[in-house]
Amino acid sequence: MGGTTLYNFLLTALIVIAILIVIAVMMQPTKTDDALGALSGGGANDLFAQQKSRGFEGFMQRVTVILGILFFAIALALVYLSSHK
């Protein structure tokens, strides 16, 4: 019965993390002017320039990456648990 409880906990955590990922992606600032400049040729000089994100944008990118890693790890754990029932 302990395995079922762990499975249910991980499944609930996976659903919560999925919702948090959607919220985190929706909260990220858009980069439409960067994409438009790259497509129109206006931003050709800084097309390959890598700028480190700072402030809120950088924070949201880190949160999204961490949530994605957690989502992947929990999904793998659920697959393992379901195959060893």
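By the numbering used here, the letter at position 27 of the sequence shown is numbered 41, and the numbering carries on one by one without gaps.
Each residue gets a CB set at the ideal place from its N, CA and C atoms; glycine is no exception.
What do you reckon, are the CB atoms on LEU24 and ALA91 nearer than 7 Å? yes
Comparing C-alpha positions only, which one of LYS99, VAL79, GLN42 and GLY17 sits nearest to ILE31? VAL79
Three-state class that DSSP yields for ARG68 in the structure shown: coil
Spatial neighbours of THR39 within its chain, please: C-beta separation below 7 Å, excluding the five flanking residues on both sides. Note on identity: in this sequence residue 39 is Val, with Thr being the wrong assignment. Correct list, in chain order: THR78.
Put GLN42 into one of helix, strand or coil per three-state DSSP. coil
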